[in-house]
Structure formats: structure tokens, C-alpha cells
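Counting in our numbering, the sequence shown runs from 4 upward without gaps.
All residues carry an ideal CB built from backbone N, CA and C; glycine is no exception.
For clarity, every value in this text was computed on a predicted model and none was experimentally measured.
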Amino acid sequence: MDIQMFGKLSDAFGPSGFEEDVIRKIAGYCKEFDVSNDAMNNLYVRMPGGPKDRPVVQLDAHLDECGFMVQNIQDNGCLGILMLGGFHLTSLPAHSVWIRTRAGKMVRGIICAKPVHFMTASERASQNLEIEKMYVDVGATSRKEVEEVFGIHIGDPMMPDVSFAYDEEHEICFGKAFDNRAGCACIVDTMKQLYEEREKLPAYVVGAFAAQEEVGTRGATVTAQVVKPDLAIVFEGSPSDDFFISAGQAQGQMKQGTQIRILDNSYISNTEFIEYAEEIAKKYGIKYQESVRRGGSTNAGKISLTHQAVPCLVLGVPSRYAHSHYNFCAREDLEATSRLAACVIRELDAERIRHICHQDIL
Numbered sequence: 004m005d006i007q008m009f010g011k012l013s014d015a016f017g018p019s020g021f022e023e024d025v026i027r028k029i030a031g032y033c034k035e036f037d038v039s040n041d042a043m044n045n046l047y048v049r050m051p052g053g054p055k056d057r058p059v060v061q062l063d064a065h066l067d068e069c070g071f072m073v074q075n076i077q078d079n080g081c082l083g084i085l086m087l088g089g090f091h092l093t094s095l096p097a098h099s100v101w102i103r104t105r106a107g108k109m110v111r112g113i114i115c116a117k118p119v120h121f122m123t124a125s126e127r128a129s130q131n132l133e134i135e136k137m138y139v140d141v142g143a144t145s146r147k148e149v150e151e152v153f154g155i156h157i158g159d160p161m162m163p164d165v166s167f168a169y170d171e172e173h174e175i176c177f178g179k180a181f182d183n184r185a186g187c188a189c190i191v192d193t194m195k196q197l198y199e200e201r202e203k204l205p206a207y208v209v210g211a212f213a214a215q216e217e218v219g220t221r222g223a224t225v226t227a228q229v230v231k232p233d234l235a236i237v238f239e240g241s242p243s244d245d246f247f248i249s250a251g252q253a254q255g256q257m258k259q260g261t262q263i264r265i266l267d268n269s270y271i272s273n274t275e276f277i278e279y280a281e282e283i284a285k286k287y288g289i290k291y292q293e294s295v296r297r298g299g300s301t302n303a304g305k306i307s308l309t310h311q312a313v314p315c316l317v318l319g320v321p322s323r324y325a326h327s328h329y330n331f332c333a334r335e336d337l338e339a340t341s342r343l344a345a346c347v348i349r350e351l352d353a354e355r356i357r358h359i360c361h362q363d364i365l
């Protein structure tokens with residue numbers, strides 16, 4: 004895994020609906036492939052050359068990150084905001100953000116709520132927060148200054164102000180948007196592993212980077228219709244649970260390998276696909292862990308419903324503090340995820356695909 008690439012993708016500006024910077028960053032690392040995009044900000048990276056009359060495997064990851072939008076501009080120059088995606092409100096106050104103006108200028112602001120000095124005793128004791136009572140302060144003193152000097156308008160997007168860093172000694176990545184720039188990096192890494200053998204692969208591989216996942220898995224509705232896959236591997240920056248639950252119960256532990264997701268609110272996994280993936284993982288000594296999620300969803304929910312149904316394998320990179328400003332993940336988990344995907348594709352054959360697709364069930 005090219006950690007520098009992952010860092011560039013993590014740092015890229017890309018709240019839901021505003022993924023252009025991420026698209027450009029990924030395309031810059033995919034010059035050997037056929038690259039295109041659509042009007043929704045979905046990005047398609049296809050293997051060049053070789054026969055295309057093979058089964059199609061779609062590699063999916065979403066481009067967008069949780070972010071914010073300017074909802075209103077108050078007379079005193081503060082910005083009312085709404086969330087693009089699922090932040091927990093307690094993680095927001097006192098953190099900084101970058102606002103991208105229509106002219107492309109980046110303006111730093113601070114997410115604020117009523118200062119403790121002015122709270123009543125009941126307000127200080129309360130844990131209740133409302134996004135309507137939070138605002139972003141860019142240092143302006145009036146609405147006119149916000150619009151005419153800072154160039155900020157209603158509808159401008161914003162993202163967390165965080166810079167990627169890599170702890171080489173412990174091989175730990177720190178940054179924002181690991182959900183799901185980790186998955187994006189895994190698609191690129193998987194395709195590069197397969198590139199030299201592209202003409203001999205048993206399947207035609209298409210990387211499909213989907214927009215607007217955090218606001219309703221919207222982009223994958225389109226990408227699956229365009230790619231028309233027979234199988235799909237969905238990559239996620241999955242929320243880890245190892246920092247608040249015992250090791251015996253945790254299902255998303257850092258440095259324990261890729262997470263194979265069996266169920267969440269969007270998809271009940273294809274058991275044959277999971278059995279095959281775990282067989283391949285054991286064969287090549289790739290660490291993995293299984294997960295049954297009580298909540299959450301991935302693009303597998305939408306991709307699986309395309310035409311005659313698409314079996315999906317969901318592979319996650321355990322990422323601490325997903326849907327907050329700051330994340331940790333381990334290099335070895337990134338590499339286990341992309342390596343397993345590459346091995347799964349290499350060892351497919353017609354009989355295995357028929358079995359996964361339940362074409363031999365009757």
C-alpha cells in the first residue's frame with residue numbers, strides 16, 4: 004500500500020456532493036487505467052486491454068466524507084450549519100473546519116456553541132446538543148463581511164480541518180475521512196496488484212468510486228447500473244470497536260486484519276462468497292475477522308439489488324473514531340484488505356462464480 008497516496012486521499016476535500024478534489028487525486032494515481040466520471044461525481048477506473056467478455060467484478064468504495072454545509076449566515080457573521088452525513092453532535096464543538104467558497108478559496112472556521120461562561124447552571128449540566136444551536140465562526144463581524152470579504156455564501160461546503168500523518172515506527176495512520184478514503188486506497192492498490200496479469204484474469208475488473216454514500220448510498224445506485232457487475236467487492240473504512248469493548252467481543256480490531264462483514268442494516272451477505280473469501284484468506288495467510296453489525300450500512304445494499312441481484316463481499320479496514328474529525332487505522336489492515344481482494348479475483352473460475360451466484364442451487 005502506498006501510504007503517501009492514502010494520505011493524499013485522506014486530506015482531499017470531499018463532503019457528500021462535493022467530491023471533485025477526491026476524483027482528481029485518485030485519477031492522478033490511476034494513469035495506467037481507463038478513467039472516466041459522470042455527472043454525479045462517480046468515478047470509474049477500468050482495466051485496459053484484454054477480453055471484456057468475462058464476468059465483471061466491481062470494486063466499490065465511496066468517495067465522500069461526512070462534512071457540513073452553510074445553512075444560513077447570521078447578522079453577526081456566524082454561519083449556521085447542517086451536517087452532510089452522520090456526525091455525533093458531542094464530537095463537534097471546538098473543532099475547526101475548512102469552508103470552500105464558490106471561488107475555490109479555503110477559509111478556516113471554528114465550530115462553536117454557547118460558551119460555558121454564558122450558560123445557566125441547567126445548561127452546563129445538560130448533555131443535550133442541537134445542530135441548530137451550533138455555528139461556525141470564521142472571525143467575521145457581520146453578514147456583509149462574510150459574503151463580500153470572505154466570499155462565503157449559503158450552500159458552501161465544509162470539511163474537518165485535519166492533516167494526515169503516519170507513525171512509521173508503529174505503522175499507524177492518523178487523519179480524517181478514513182471512512183472511506185481507506186476503501187478508495189484499497190481499490191487503487193488492488194487494481195495495481197492485478198494490472199500486470201490483467202489479460203489472464205478470470206474476470207474483468209472495474210473500480211467504481213461512488214459519490215454521496217453518507218447521505219443515502221446514492222452514488223452506488225448509479226455505478227451498479229453502469230458497471231452491471233456479476234460480483235462486487237465493497238471496501239469500507241469500518242468503525243472499529245476495540246477501544247470500548249473487550250477483545251473477545253470486538254469485531255473490528257486494529258491490527259487483526261480485514262473485517263469481513265456478514266450483516267448490517269443494508270445487506271445480508273452472500274454466504275458462499277464469504278466462505279470462498281475465507282478459504283482464500285486461510286490459503287494465503289491473510290488475517291481477517293468477521294463482523295455482524297447491529298447498525299450501519301454500505302453500498303452493498305444498493306449494488307446487491309441491481310438487475311438480477313449481485314453477490315457482494317464487504318471488506319472493511321477497522322478505523323477508530325469513524326464519523327469524527329480524527330481517525331486511526333493500521334497499515335497492515337489496509338494491506339490485508341487489498342491483498343485479499345486481489346487473491347479472491349485471481350482465483351475465481353466459472354464453477355465458483357456459478358456457485359456464488361446460486362446458479363447451481365436447483
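Cβ neighbours of residue i in the same chain (closer than 7 angstroms, five flanking residues each side left out)
| i | result |
| --- | --- |
| P8 | Checking the sequence shown, residue 8 turns out to be Met, not Pro. Within the same chain, M8 has close Cβ partners Y32, A188 and V191. |
| P96 | I114, C115, A116 and M137 |
| D336 | M257, K258, G260, T261, V320 and P321 |
Local conformation of residue i per DSSP, three classes
| i | result |
| --- | --- |
| N183 | helix |
| L337 | helix |
| M161 | strand |
| H65 | strand |
| T309 | coil |
| D140 | strand |
| F9 | helix |
| F246 | coil |
| R111 | strand |
| D41 | coil |
| M50 | coil |
| Q169 | A small fix is needed here, since residue 169 is Tyr in this sequence, not Gln. Three-state result, Y169: strand. |
| V415 | Since the first residue of the chain shown is 4 and the last is 365, residue 415 is not available in this structure. |
| I265 | strand |
| R70 | A small fix is needed here, since residue 70 is Gly in this sequence, not Arg. G70 falls in the strand class under three-state DSSP. |
| L318 | strand |
| I76 | strand |
| A211 | strand |
| A284 | helix |
| F276 | helix |
Residue j beta carbon less than 9 angstroms from that of residue i
| i | j | result |
| --- | --- | --- |
| R57 | Y207 | yes |
| G10 | C176 | yes |
| A235 | G222 | no |
| A333 | I289 | no |
| P321 | Q61 | no |
| E281 | H361 | no |
| D140 | G83 | no |
| R342 | Y287 | yes |
| E350 | I283 | yes |
| I348 | P118 | no |
| E216 | D67 | yes |
| T226 | A211 | yes |
| L85 | E133 | no |
| G240 | A180 | yes |
| V295 | G20 | no |
| C359 | Y279 | With the sequence shown as reference, residue 359 is identified as Ile, and Cys is not the correct amino acid for it. Against a cut-off of 9 angstroms, the Cβ pair of Y279 and I359 comes out as a contact. |
| T301 | T220 | yes |
C-alpha distance - residue i paired with residue j, whole-angstrom precision
| i | j | result |
| --- | --- | --- |
| M137 | Y329 | 20 angstroms |
| S307 | D170 | 37 angstroms |
| G112 | Q77 | 15 angstroms |
| L87 | E23 | 16 angstroms |
| E293 | D41 | 34 angstroms |
| V165 | F331 | 12 angstroms |
| I364 | V317 | 23 angstroms |
| G17 | S327 | 15 angstroms |
| G299 | H173 | 29 angstroms |
| P54 | A345 | 19 angstroms |
| T309 | D244 | 31 angstroms |
| A143 | V110 | 11 angstroms |
| F246 | G255 | 10 angstroms |
| N273 | D352 | 17 angstroms |
| E199 | F90 | 41 angstroms |
| R146 | E35 | 48 angstroms |
| G154 | N131 | 33 angstroms |
Cut-off 6 angstroms between Cβ atoms - residues of its own chain near residue i, not counting five sequence neighbours on either side
| i | result |
| --- | --- |
| N44 | E22 and A214 |
| I157 | V73 |
| C315 | A235, V237, A303, I306 and S307 |
| P242 | A325 |
| F167 | G10, S13, D14 and G178 |
| D5 | none |
| I356 | P58 |
Same chain only: Cβ atoms within 8 angstroms of residue i, ignoring 5 sequence neighbours per side
| i | result |
| --- | --- |
| V209 | Y47, V48, R49, M50, V59, V60, Q61, L62, V230 and P232 |
| E148 | G80 |
Cβ-heavy atom distance, residue i to the ligand ADP, below 8 angstroms
| i | result |
| --- | --- |
| Q77 | The ligand content of the structure shown is nil, which means the ligand ADP is not present either. |
Exercise. Is the segment 257-268 close to the segment 176-185, with three or more CB pairs under 8 angstroms?
Worked result: no
Problem set entry | Cβ contact check for the segment 100-112 and the segment 249-259: 3 or more pairs under 8 angstroms | no
For this session: Flag this pair as touching only if the segment 64-77 and the segment 159-167 have three or more C-beta atom pairs under 8 angstroms; answer yes or no.
Result: yes
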